[in-house]
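A.B. asks:
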Amino acid sequence: MSIQSLTPEQVYKALHTGTSGLDDREASERLKTFGPNEIRESPRPSTFHSFAKHLTNLFALLLWVAAIIAFIGEVFKPGEGFSILGFAIMGVIFINGGFAFYQEYRAEKAFEELKKLLPYMVTVIRGGKEKETGANNIVPGDLVLLKEGDRIPADIRLIESSGMKVDNSSFSGESKPVKRDASSLVTGGGQIELIESINLIFAGTSVVMGRGKGVVFATGMSTEFGKIARLTSEVKRGISPLELETIRVTRTITIIAVFLGIIFFSTGVFIGRGFWENFIFALGIVVANVPEGLLPTVTLSLAMGSQRMVKKNALVRRLTSVETLGSVTVICTDKTGTLTQNRMRVVKIYADGLLKEVPEREGFTYPSIEMIIRVSALCNDAHMRDNLITGDPTEKALMEFAKEFLDIDPLIHSGNGWQPCIEKPIKISYMSKAPLKRF
Numbered sequence: 004m005s006i007q008s009l010t011p012e013q014v015y016k017a018l019h020t021g022t023s024g025l026d027d028r029e030a031s032e033r034l035k036t037f038g039p040n041e042i043r044e045s046p047r048p049s050t051f052h053s054f055a056k057h058l059t060n061l062f063a064l065l066l067w068v069a070a071i072i073a074f075i076g077e078v079f080k081p082g083e084g085f086s087i088l089g090f091a092i093m094g095v096i097f098i099n100g101g102f103a104f105y106q107e108y109r110a111e112k113a114f115e116e117l118k119k120l121l122p123y124m125v126t127v128i129r130g131g132k133e134k135e136t137g138a139n140n141i142v143p144g145d146l147v148l149l150k151e152g153d154r155i156p157a158d159i160r161l162i163e164s165s166g167m168k169v170d171n172s173s174f175s176g177e178s179k180p181v182k183r184d185a186s187s188l189v190t191g192g193g194q195i196e197l198i199e200s201i202n203l204i205f206a207g208t209s210v211v212m213g214r215g216k217g218v219v220f221a222t223g224m225s226t227e228f229g230k231i232a233r234l235t236s237e238v239k240r241g242i243s244p245l246e247l248e249t250i251r252v253t254r255t256i257t258i259i260a261v262f263l264g265i266i267f268f269s270t271g272v273f274i275g276r277g278f279w280e281n282f283i284f285a286l287g288i289v290v291a292n293v294p295e296g297l298l299p300t301v302t303l304s305l306a307m308g309s310q311r312m313v314k315k316n317a318l319v320r321r322l323t324s325v326e327t328l329g330s331v332t333v334i335c336t337d338k339t340g341t342l343t344q345n346r347m348r349v350v351k352i353y354a355d356g357l358l359k360e361v362p363e364r365e366g367f368t369y370p371s372i373e374m375i376i377r378v379s380a381l382c383n384d385a386h387m388r389d390n391l392i393t394g395d396p397t398e399k400a401l402m403e404f405a406k407e408f409l410d411i412d413p414l415i416h417s418g419n420g421w422q423p424c425i426e427k428p429i430k431i432s433y434m435s436k437a438p439l440k441r442f
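With our numbering applied, the sequence shown covers 4 to 442.
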């Protein structure tokens with residue numbers, strides 16, 4: 004039977020836990036069994052392997068061949084400058100490879116630093132006592148307490164809830180919060196029912212309203228978020244348009260260089276020159292046809308594009324992706340949180356029968372607008388703690404609007420004058436709500 008169809012008592016039994024949660028010893032054992040509550044990434048190549056990759060791409064291999072040919076020429080014709088040419092070509096290879104490696108290494112380190120900012124603490128019940136623990140220490144069977152503004156650390160079956168709404172935009176792309184209710188049981192099975200089950204909440208989402216308590220039933224790569232991450236990590240990286248063009252150019256140059264070398268070698272033999280003299284001359288022709296400056300030129304142009312994107316807060320992990328982005332004609336993406344920030348703000352006010360732009364603070368002179376701002380703060384379920392506003396995105400926008408123009412602390416804190424009495428909740432039929440508060 005699916006976990007969304009079980010009663011709380013059945014959930015406790017299925018996950019071998021209870022109302023007091025796990026004890027520390029059992030939690031430690033389960034952590035060893037199930038592993039940390041983390042999204043694992045596919046193994047990355049070592050630093051040496053990453054550096055060697057930039058020294059052994061197809062065009063770099065062509066330069067290596069040219070350098071070897073130059074050194075061979077130095078053996079047979081010393082003092083002609085072939086060794087200097089060989090070392091110069093090797094210098095180009097190492098400088099270019101080092102520069103490309105540094106650009107990608109720096110992007111990876113920046114990406115790692117960003118991930119270090121993500122760890123957070125979670126409130127759990129263990130041994131009947133509430134305690135704070137790192138989200139990576141959560142295990143199946145843990146009893147987790149959640150409140151408004153919390154990120155959900157794992158896939159959880161709700162046991163208790165009060166007015167809970169969660170932001171599921173990371174799964175659905177819809178910014179509108181969805182209701183979650185522990186008292187509802189879901190019948191049936193299947194993936195669609197699991198994601199949409201009213202008594203389940205998932206890792207990667209967050210609580211925007213209310214509070215709840217639930218039992219963890221999946222962590223790490225076993226969560227729905229982890230399954231999505233696994234699918235994306237299994238996608239094989241294709242060859243970029245630039246890499247395809249580089250392969251084509253390298254093949255063309257190689258064919259032309261070898262062809263010209265053979266032509267000049269054959270011509271020398273035909274006119275009666277010595278074998279080694281013809282051979283060295285043919286090697287020089289081959290080396291001369293290799294554009295040693297092309298590789299650093301391409302790398303430098305990509306690095307400049309990468310730096311421009313960094314200034315726009317976009318990290319490029321592979322230099323060739325810069326050119327690939329320029330070749331894109333269609334982008335299919337989830338708008339919420341990608342092209343937008345899933346944040347709203349008040350830009351216009353309808354007052355005195357007129358639609359008005361939100362005024363600057365110093366130009367605030369309308370009594371009717373002042374009343375609207377007060378109502379925006381009072382008729383609002385968002386909460387402000389330590390200057391941080393949490394709640395429904397629409398109500399957060401109204402609260403931020405009120406906070407910008409007024410000292411709203413006396414309005415929104417019930418101990419400072421305004422006491423909530425009754426509330427007429429919002430409904431689709433009339434799209435408004437009316438809380439009654441007394442001073």
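Note that beta-carbon positions come from the ideal geometry of N, C-alpha and C, so glycine has one too.
1. Out of T300, L65, L322 and I201, which one is the CA nearest neighbour of Q310?
2. For A232, which residues from the same chain have a beta carbon less than 6 Å from its beta carbon, with the 5 sequence-adjacent residues on both sides left out?
3. Could you check what DSSP says for F74 in three-state terms: helix, strand or coil?
4. Note down, in chain order, each residue of its chain lying with its Cβ closer than 6 Å to the Cβ of L305, except the 5 sequence neighbours on either side.
5. Can you give me the C-alpha to C-alpha distance between E3 and D158, rounded to a whole angstrom?
6. When you compare only the Cα positions, how much space is there between S186 and N171?
7. Can you find the residues in the same chain that come closer than 6 Å, C-beta to C-beta, to K399, ignoring five residues on each side of it along the sequence?
8. According to the Cβ coordinates, are V125 and V147 closer than 9 Å?
9. Output the boundary residues of the alpha helix (DSSP H) element that contains M448.
10. Name the two residues that bound the continuous beta strand (DSSP E) containing S165.
11. Measure the C-alpha to C-alpha separation of G2 and L381 and round it to an integer number of angstroms.
12. Give me the DSSP bridge partner(s) of Y353.
13. Please state if the CB of G271 and the CB of A260 are separated by a distance shorter than 9 Å.
14. In the DSSP output, which residue or residues are listed as bridge partners for S209?
15. So, does the region 90-106 touch the region 124-138, judging by three or more C-beta pairs under 8 Å?
16. Following the continuous alpha helix (DSSP H) through K399, name the residue where it begins and the one where it ends.
17. Indicate the three-state DSSP secondary structure (helix, strand or coil) for I204 in the structure shown.
18. With DSSP as the reference, label E41 as helix, strand or coil.
19. Tell me the DSSP secondary structure of H386 in three-state form.
20. Using DSSP bridges, identify the partner residues of I392.
21. Would you mind sorting P48 into buried or exposed? The rule is 16 or more other CB atoms within 10 Å of its CB.
22. What number of angstroms, rounded off, separates the C-alpha of V319 from the C-alpha of T397?
23. What's the C-alpha gap between I256 and E83?
24. Report yes if the C-beta distance between N292 and L263 is below 9 Å; otherwise report no.
25. Look up E133 in the DSSP assignment and say whether it is helix, strand or coil.
26. Is K179 helix, strand or coil by DSSP?
27. Taking I352 as the reference, which of T336, C335, V331 and V378 has the closest Cα?
28. Could you check the C-alpha separation between P122 and R33 for me, to the nearest Å?
29. Residues in the same chain with beta-carbon distance under 8 Å from T20, minus the five sequence neighbours each way, listed in chain order, please.
30. Provide the residue(s) that pair with K35 in DSSP beta bridges, ordered along the chain.
31. Can you list, in chain order, the residues of its chain whose CB lies under 7 Å from that of N281, leaving out five sequence neighbours each side?
32. What's the gap between the Cα of I334 and the Cα of S23?
33. On a Cα-Cα basis, can you pick out the residue from W67, A317 and M402 that is closest to E348?
34. Tell me whether R276 is buried or exposed, calling it buried when 16 or more other Cβ atoms sit within 10 Å of its Cβ.
35. Taking all protein chains shown into account, decide if K456 is buried (16 or more other Cβ within 10 angstroms of its Cβ) or exposed.
36. Going along the chain, which residues of its own chain have a beta-carbon closer than 6 Å to the beta-carbon of A221, five neighbours each way excluded?
C.D. replies: Let's see:
1. Taking the first residue of the sequence shown as 1, we reach residue 310 at position 307. Comparing Cα positions, the closest option is L322.
2. The residue given as residue 232 occupies position 229 in the sequence shown. Cβ neighbours of A232 beyond the five flanking positions: I42.
3. On the sequence shown, position 71 is the one that residue 74 refers to. F74: helix per DSSP, three-state reduction.
4. Mapped onto the sequence shown, residue 305 falls at position 302. Around L305: L322 and V325.
5. Given a span of 4 to 442 for the chain in the structure shown, any question on residue 3 remains unanswerable.
6. Taking the first residue of the sequence shown as 1, we reach residue 186 at position 183. Taking the first residue of the sequence shown as 1, we reach residue 171 at position 168. C-alpha separation (whole angstroms): 20 Å.
7. Within the sequence shown, numbered from 1, the residue matching residue 399 stands at position 396. Excluding positions up to five away in sequence, the list reads A385 and I392.
8. Residue mapping note: residue 125 aligns to position 122 of the sequence shown, counting from 1. Residue mapping note: residue 147 aligns to position 144 of the sequence shown, counting from 1. Yes, the pair counts as a contact, with Cβ atoms nearer than the cut-off.
9. Because the chain in this structure spans residues 4 to 442, residue 448 falls outside the shown range and cannot be described.
10. Within the sequence shown, residue 165 is the residue found at index 162, counting from 1. Start and end: D158 to D170.
11. This structure does not reach residue 2, given that the chain is present from 4 up to 442, and the question cannot be answered.
12. For the purposes of this step, residue 353 is taken as the residue at position 350 of the sequence shown. BP columns for Y353 point to L358.
13. Working through the sequence shown from its first residue, we reach residue 260 at position 257. Working through the sequence shown from its first residue, we reach residue 271 at position 268. The answer is no: Cβ separation not under 9 Å.
14. Along the sequence shown, one-based indexing puts residue 209 at 206. DSSP output for S209 lists R154 and D170 as bridge partner(s).
15. no
16. Counted from its first residue, the sequence shown places residue 399 at position 396. It spans P396 to F408 - the alpha helix (DSSP H) in which K399 sits, taken as one unbroken run.
17. The sequence position of residue 204 within the sequence shown is 201, counting from 1. Reduced to three states, the DSSP call for I204 is strand.
18. Working through the sequence shown from its first residue, we reach residue 41 at position 38. Correct three-state label for E41: coil.
19. Your numbering for residue 386 matches position 383 in the sequence shown. In the structure shown, H386 sits in a strand (DSSP, three-state: E or B).
20. Indexing the sequence shown from 1 puts residue 392 at position 389. I392 is bridged to M387.
21. Counting from 1 along the sequence shown, the entry for residue 48 is found at position 45. When all chains shown are included, P48 counts as exposed.
22. For the purposes of this step, residue 319 is identified with residue 316 of the sequence shown, where counting begins at 1. For the purposes of this step, residue 397 is identified with residue 394 of the sequence shown, where counting begins at 1. Taking the straight line joining both Cα atoms gives about 34 Å.
23. In the sequence shown, residue 256 corresponds to position 253, counting from 1. In the sequence shown, residue 83 corresponds to position 80, counting from 1. Approximately 24 Å between the Cα atoms of the pair.
24. For the purposes of this step, residue 292 is taken as residue 289 along the sequence shown, with counting starting at 1. For the purposes of this step, residue 263 is taken as residue 260 along the sequence shown, with counting starting at 1. In contact: N292 and L263 (Cβ atoms closer than 9 Å).
25. Along the sequence shown, read from residue 1 onward, the residue named residue 133 stands at position 130. Three-state DSSP puts E133 in a strand.
26. Within the sequence shown, the letter at position 176 stands for residue 179. Reduced to three states, the DSSP call for K179 is coil.
27. Taking the first residue of the sequence shown as 1, we reach residue 352 at position 349. Comparing Cα-Cα distances from I352 to each of T336, C335, V331 and V378, the minimum goes to V378.
28. The count along the sequence shown starts at 1 and reaches residue 122 at position 119. The count along the sequence shown starts at 1 and reaches residue 33 at position 30. For P122, the predicted structure reports a pLDDT of 48, less than 50, and the residue's modelled location is therefore unreliable. A value from the coordinates is still provided. Approximately 20 Å, taken between the alpha carbons.
29. By one-based count along the sequence shown, residue 20 stands at place 17. Taken in chain order, the residues that qualify are G144, D145, L146 and V218.
30. For the purposes of this step, residue 35 is taken as residue 32 along the sequence shown, with counting starting at 1. Its beta-bridge partners do not exist; DSSP assigns none.
31. Taking the sequence shown and counting its residues from 1, one reaches residue 281 at position 278. Only F268, G271 and V272 meet the Cβ criterion.
32. Looking up residue 334 in the sequence shown gives position 331. Looking up residue 23 in the sequence shown gives position 20. Taking the straight line from one Cα to the other gives about 49 Å.
33. If you number the sequence shown from 1, residue 348 lands on position 345. Here residue 348 turns out to be Arg, not Glu, going by the sequence shown. That would be M402, whose Cα lies nearest to the Cα of R348.
34. Within the sequence shown, the letter at position 273 stands for residue 276. Under the 10 Å beta carbon count, R276 is surrounded by fewer than 16 other beta carbons and is classified as exposed.
35. Because the chain spans 4 through 442 in this model, residue 456 falls outside it and cannot be assessed.
36. Along the sequence shown, read from residue 1 onward, the residue named residue 221 stands at position 218. Answer for A221: D158, listed in chain order.
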